[in-house]
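Residue numbers (my numbering), protein chains in the order written: chain A, 1 to 307; chain B, 1001 to 1265.
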């Protein structure tokens, strides 16, 4: 049985005087143990609403959710021991308390085995470089530091599933990279199932083999990242630096998108090889340099939405 | 249930420790609260400087009534006072994060930023009670009814605080309206109900049953027959009133939680 089962899930919100709006509309998917799933979509697509139903915060209007075999909204506190949740925009830590106190309290309210708690804490403090921050009140932490604290807090009780809602929002490039490494390690070594919503498609490229794209509350794509490129009709780009300025290059299998002095951008289908095109260009022109750009997933998704 | 109480204690203790980091601030707030709540009783003393009785009740008897409702609301405020902040917890998204933790939501709401300075109100009402008790002609059954009065009164106020705060699940800014019932009810019952029209007494008996917090059990303890001619058994049914209020509270709270809409994002 799948660890997360969502079936014909719908949640509507009634705003006074206006017709009900469906934030999530007839959504179905399943996640197996150990998967890392990227859950993406534009603002207001229903990502957070889905996470809130998976954690039991919101009660579905119709359809069903089963997580680890139980209905989250009916067994919320019971399920809480088996999941970890990180909201990028708000902290689950106690604002005025030092990190250490928050972690101690979590050990008690989750009834985590003390030895296990110590072991986990040591490991996460090491991996996330939290050692110097343990005695700092949460309100004095920077966003990146707080996020590391929140992730530790969400994992100390060995959850089977970790939900991350925009975990890298507002983080700098280095912090983002470190966080992605950590999540990859977590999944590989502990087999923790990860479901993350994000705006940052690099999160997805770095972490997730599987992507669910949601728009207007419905899944418009569910599959591999590679498949997403194919379905979105994505293209790769060959950037050619010629020795001299020239009229647009004409070679079979590629079209010129842009010309800027001696530099030209040629696009070709993402699933075809760059080699024959490179060969043709080099044979016909004086080339100073060449590079290939991979397709931009944002464009791919924009393409999907526009259908 | 035991687990929930233990968790309440753990979370509350942490907050108390955090507030004790600023002892001067703690004692000033506590002392201020003690004085502020004491002003109500000072007003009663001023009135008794001019008259011998209010609504047919002597100073000692009015003090007993005052302490009865005062202890009820003070214990209620001490234990569940934080629930007033439910609306802001919803707005700030704190409720979402609480809902992902393995402790009953109400326990987390009540323990959040738990403050010992609320004990000041209990101390003030307790002081008035101690004085009023010296004027009572005690016997065993009156002691029993008095204990029942304080326990049930506290439970009734706990229930009312939580029930009325639950309305914030539907409308986030109803905290002020809720105060009209709780603190307003407390203010009304600081005086003998004989000073009000009988309609007010009926509302306080059958609609918002705050009369069971102090008025009916106090009539028994003070050895008075019901001035409105209502049946004498009402003086013993405060536990029933408390049970009804708590059952209604549980229902409203649960419905509120299932109706919760969270905030955007």
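Glycine included, C-beta positions come from ideal geometry on N, C-alpha and C.
* To do: Answer with buried or exposed for residue 1183 of chain B, where buried requires no fewer than 16 other C-beta atoms within 10 angstroms of its C-beta.
  => The residue labelled residue 1183 of chain B in the question sits at position 183 within the second chain. Exposed is the call here.
* Asked: Quick one: what does DSSP say residue 7 of chain A is sitting in, helix, strand or coil?
  -> As a working mapping, residue 7 of chain A is identified with position 7 in the first chain. The answer is strand: DSSP assigns residue 7 of chain A an E or B state.
* Asked: Quick one, are the C-beta atoms of residue 9 of chain A and residue 24 of chain A less than 8 angstroms apart?
  -> Indexing the first chain from 1 puts residue 9 of chain A at position 9. Indexing the first chain from 1 puts residue 24 of chain A at position 24. Going by C-beta atoms, residue 9 of chain A is nearer than 8 angstroms to residue 24 of chain A.
* To do: Taking 8 angstroms as the cut-off, decide whether the C-beta atoms of residue 167 of chain A and residue 235 of chain A are in contact.
  => Along the first chain, read from residue 1 onward, the residue named residue 167 of chain A stands at position 167. Along the first chain, read from residue 1 onward, the residue named residue 235 of chain A stands at position 235. No, the pair does not count as a contact, with Cβ atoms beyond the cut-off.
* To do: Look at the alpha carbon of residue 1054 of chain B and the alpha carbon of residue 1033 of chain B, and state the distance between them as a whole number of angstroms.
  => Sequence index remark: in the second chain, residue 1054 of chain B carries index 54 (1-based). Sequence index remark: in the second chain, residue 1033 of chain B carries index 33 (1-based). Approximately 27 angstroms, taken between the alpha carbons.
* Look at the Cβ atom of residue 241 of chain A, then the Cβ atom of residue 288 of chain A, and state whether they are nearer than 8 angstroms. => By 1-based counting over the first chain, the position of residue 241 of chain A is 241. By 1-based counting over the first chain, the position of residue 288 of chain A is 288. Contact: yes.
* Taking only beta-carbon atoms, is residue 1127 of chain B less than 8 angstroms away from chain A? -> In the second chain, counting from the first residue as 1, residue 1127 of chain B sits at position 127. So no, residue 1127 of chain B is outside the interface.
* When the Cα atoms are used, what is the spatial distance from residue 1211 of chain B to residue 1189 of chain B? -> Position 211 of the second chain holds residue 1211 of chain B. Position 189 of the second chain holds residue 1189 of chain B. Taking the straight line joining both Cα atoms gives about 7 angstroms.
* At what residues does the beta strand (DSSP E) containing residue 1229 of chain B begin and finish? -> Here residue 1229 of chain B refers to the residue found at position 229 of the second chain. Run containing residue 1229 of chain B: none; DSSP gives neither H nor E here.
* Do the CB positions of residue 184 of chain A and residue 203 of chain A come within less than 8 angstroms of each other? -> By one-based count along the first chain, residue 184 of chain A stands at place 184. By one-based count along the first chain, residue 203 of chain A stands at place 203. Between residue 184 of chain A and residue 203 of chain A, the CB-CB gap reaches or exceeds 8 angstroms.
* Compile a chain-ordered list of the residues in the segment 37 to 54 of chain A whose CB is closer than 7 angstroms to at least one CB of chain B. => Taking 7 angstroms as the upper bound on Cβ-Cβ separation, chain B lies near residues 48, 52 of the segment 37 to 54 of chain A.
* Asked: In three-state terms, what does DSSP make of residue 260 of chain A?
  -> As a first step, residue 260 of chain A must be located in the first chain, where it is residue number 260. It is a strand residue.
* Excluding the five sequence neighbours on either side, which residues of its own chain have a C-beta within less than 7 angstroms of the C-beta of residue 1067 of chain B, listed in chain order? -> Mapped onto the second chain, residue 1067 of chain B falls at position 67. Closer than 7 angstroms at the Cβ level, and outside the excluded window around residue 1067 of chain B, lie 1125, 1128, 1129, 1132.
* What residue from B:1080, B:1170, B:1250, B:1251 has the CA that sits closest to residue 16 of chain A's CA? -> For the purposes of this step, residue 16 of chain A is taken as residue 16 along the first chain, with counting starting at 1. When only C-alpha atoms are compared, the closest one is B:1170.
* Is there contact between the segment 1157 to 1172 of chain B and the segment 1064 to 1081 of chain B, where contact requires at least three CB pairs shorter than 8 angstroms? -> yes
* Using the beta-carbon count (16 or more within 10 Å), is residue 89 of chain A buried or exposed? -> Working through the first chain from its first residue, we reach residue 89 of chain A at position 89. Residue 89 of chain A is exposed by the Cβ-count criterion.
* Ignoring anything shorter than 3 residues or poking outside the segment 1064 to 1124 of chain B, list the beta strand (DSSP E) runs there in chain order. => none
* Interface residues of chain B around residue 85 of chain A at Cβ under 7 angstroms? -> For the purposes of this step, residue 85 of chain A is taken as residue 85 along the first chain, with counting starting at 1. Chain B residues near residue 85 of chain A: 1100.
* What is the rounded straight-line gap between the Cα of residue 292 of chain A and the Cα of residue 41 of chain A? -> By one-based count along the first chain, residue 292 of chain A stands at place 292. By one-based count along the first chain, residue 41 of chain A stands at place 41. Each residue's Cα considered, the two are about 27 angstroms apart.
* To do: Sort A:33, A:200, A:5, A:299 by Cα distance to residue 159 of chain A and report the nearest one.
  => Sequence index remark: in the first chain, residue 159 of chain A carries index 159 (1-based). Nearest option by C-alpha distance: A:33.
* Asked: So which residues on chain A does residue 1014 of chain B lean against when the C-beta distance must stay under 9 angstroms?
  -> In the second chain, the residue the question calls residue 1014 of chain B occupies position 14. Residues of chain A passing the Cβ test: 94, 97, 101, 102, 104, 105.
* **Contacting residues, own chain, Cβ-Cβ under 8 angstroms from residue 1221 of chain B (five flanking each side not counted)** => By 1-based counting over the second chain, the position of residue 1221 of chain B is 221. 1064, 1136, 1142, 1145, 1146, 1149.
* Assigned secondary structure, residue 222 of chain A (DSSP; H/G/I helix, E/B strand, else coil) -> Here residue 222 of chain A is taken as the residue at index 222 of the first chain, counted from 1. It is a strand residue.
* Might you give, ordered along the chain, the residues of its own chain that have their beta carbon closer than 6 angstroms to the beta carbon of residue 120 of chain A, omitting 5 neighbours on each side? => As a working note, residue 120 of chain A is residue 120 in the first chain. A distance below 6 angstroms between beta-carbons, with the five flanking residues on each side excluded, links residue 120 of chain A to the following residues of its chain, in chain order: 156.
* **Collapsed DSSP secondary structure at residue 290 of chain A in the structure displayed** => Along the first chain, read from residue 1 onward, the residue named residue 290 of chain A stands at position 290. DSSP places residue 290 of chain A in strand when its eight states are reduced to three.
* Candidates A:68, A:138, A:37: closest to residue 99 of chain A by CA position -> To locate residue 99 of chain A, count along the first chain from 1; it is residue 99. The shortest Cα separation from residue 99 of chain A among A:68, A:138, A:37 belongs to A:138.
* Asked: Under a three-way DSSP split, which group does residue 1220 of chain B fall into?
  -> Residue 1220 of chain B sits at position 220 when you count from the first residue of the second chain. In this structure, residue 1220 of chain B counts as helix in the three-state DSSP scheme.
* To do: Measure the C-alpha to C-alpha separation of residue 1003 of chain B and residue 1010 of chain B and round it to an integer number of angstroms.
  => Position 3 of the second chain, counted from the start, is the residue given in the question as residue 1003 of chain B. Position 10 of the second chain, counted from the start, is the residue given in the question as residue 1010 of chain B. The alpha-carbon atoms of residue 1003 of chain B and residue 1010 of chain B are separated by roughly 10 angstroms.
* Flag residue 58 of chain A as yes if its beta-carbon sits less than 8 angstroms from any beta-carbon of chain B, otherwise no. => Counting from one through the first chain, the residue named residue 58 of chain A turns up at place 58. Chain B, which has a Cβ nearer than 8 angstroms to the Cβ of residue 58 of chain A, makes this yes.
* To do: For residue 1093 of chain B, return the contacting residues in chain A, with the cut-off set at a CB-CB distance below 9 angstroms.
  => The residue you call residue 1093 of chain B lines up with position 93 of the second chain. Per Cβ cutoff of 9 angstroms: 87, 89, 90.
* To do: Determine the closest residue to residue 128 of chain A out of A:150, A:286, A:1, with distance taken between C-alpha atoms.
  => Along the first chain, read from residue 1 onward, the residue named residue 128 of chain A stands at position 128. Nearest option by C-alpha distance: A:150.
* Does DSSP put residue 156 of chain A in a helix, in a strand, or in coil? -> Taking the first residue of the first chain as 1, we reach residue 156 of chain A at position 156. DSSP places residue 156 of chain A in coil when its eight states are reduced to three.
* To do: Reducing DSSP to helix, strand and coil, say where residue 36 of chain A ends up.
  => Stepping through the first chain from its first residue, residue 36 of chain A is reached at position 36. It is a strand residue.
* Asked: Which first and last residues belong to the beta strand (DSSP E) in which residue 23 of chain A is found?
  -> For the purposes of this step, residue 23 of chain A is taken as residue 23 along the first chain, with counting starting at 1. Residues 21 to 31.
* alpha helix (DSSP H) containing residue 1032 of chain B: first to last residue? -> Reading the second chain from its first residue, position 32 is the one you call residue 1032 of chain B. Looking at the DSSP string, the run of the alpha helix (DSSP H) that includes residue 1032 of chain B is 1023 to 1048.
* Name, in chain order, the residues that DSSP records as bridge partners for residue 139 of chain A. => Taking the first chain and counting its residues from 1, the one referred to as residue 139 of chain A is at position 139. Bridge partners of residue 139 of chain A: none, in fact.
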